[in-house]
Amino acid sequence: MRQVPSGPPPVFVNWKQQMLLATDQIGIRDVTLPPNDVWRMVRDQFLDDDNVIVKGATKTQVLGRLYRTSTKHFGHDIFGRLEMEPLCDVKISAGLMFFQFHYAYYEDEVLHRIIKWAHPQLMDRIKQRQCSIFIDATYRCVPIRFYQLVILMLYDPISDLYLPI
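Just so you know, this note's numbering puts 150 at position 150 of the sequence shown, and the rest follows in order with no gaps.
Encoded structure:
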């Protein structure tokens, strides 16, 4: 014979809207999180209690909301996203921007862009006297949607290393 569970009866709640709002907050607050990590955070936040029967958002709904929210907040263009906070900041120093400039121009009806990323504190080291600079321009191994990558490195005599700027 089956035992009747003891304790309070389960509670029924509808947390779908709260789950979607939490998805918006997490997606805008930390844009570097992978979508599955956002889903796990939302799921763990709302679906942990065993005495609560939850009607909530599915994984597909949460991930769709995450993509729509980030597109609405940051725009469709990946280059435009890089110009906005927090993606343009140095990771551990909010307000210290590594995104230096974005220049777009047309050449024979083809849009070209020049984008410069650099750590601001390392850029200041270029202004020192007798600094050695190494420039590496590569065409073979570049990020998607780019066709050339130029890496500027500065020699640091204290560490005896070239530091990528």
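Think of the CB as a built atom: it goes at the ideal place given N, C-alpha and C, for glycine as much as any other residue.
Just confirm the distance between the C-beta atoms of residue i and residue j, as a whole number of angstroms; I'd bet it's less than 8 Å.
| i | j | result |
| --- | --- | --- |
| residue 54 | residue 23 | At roughly 15 Å, the Cβ-Cβ gap does not stay under 8 Å, so residue 54 and residue 23 are not in contact. |
| residue 110 | residue 70 | Residue 110 to residue 70, Cβ: 28 Å. No contact. |
| residue 8 | residue 51 | 6 Å |
Could you check whether residue j and residue i sit closer than 9 Å to each other, using their CB atoms as the reference points?
| i | j | result |
| --- | --- | --- |
| residue 151 | residue 126 | no |
| residue 46 | residue 25 | no |
| residue 141 | residue 154 | no |
| residue 39 | residue 13 | no |
Could you work out which residue in the options is closest to residue i when comparing CA atoms only?
| i | options | result |
| --- | --- | --- |
| residue 143 | 131, 163, 153 and 115 | 115 |
| residue 131 | 138, 137 and 122 | 122 |
| residue 74 | 28, 129 and 103 | 28 |
| residue 163 | 147, 119 and 146 | 119 |
| residue 165 | 21, 108 and 117 | 117 |
| residue 49 | 3, 147, 15 and 129 | 15 |
| residue 133 | 147, 161, 106 and 108 | 161 |
| residue 20 | 107, 68 and 108 | 68 |
When the Cα atoms are used, what is the spatial distance from residue i to residue j?
| i | j | result |
| --- | --- | --- |
| residue 168 | residue 72 | Residue 168 lies beyond the range of the chain shown here (1 to 165); nothing can be said about it. |
| residue 59 | residue 33 | 16 Å |
| residue 102 | residue 145 | 15 Å |
| residue 11 | residue 66 | 28 Å |
| residue 138 | residue 156 | 23 Å |
| residue 112 | residue 124 | 28 Å |
| residue 129 | residue 64 | 52 Å |
| residue 106 | residue 76 | 20 Å |
| residue 3 | residue 44 | 29 Å |
| residue 147 | residue 104 | 15 Å |
| residue 159 | residue 108 | 46 Å |
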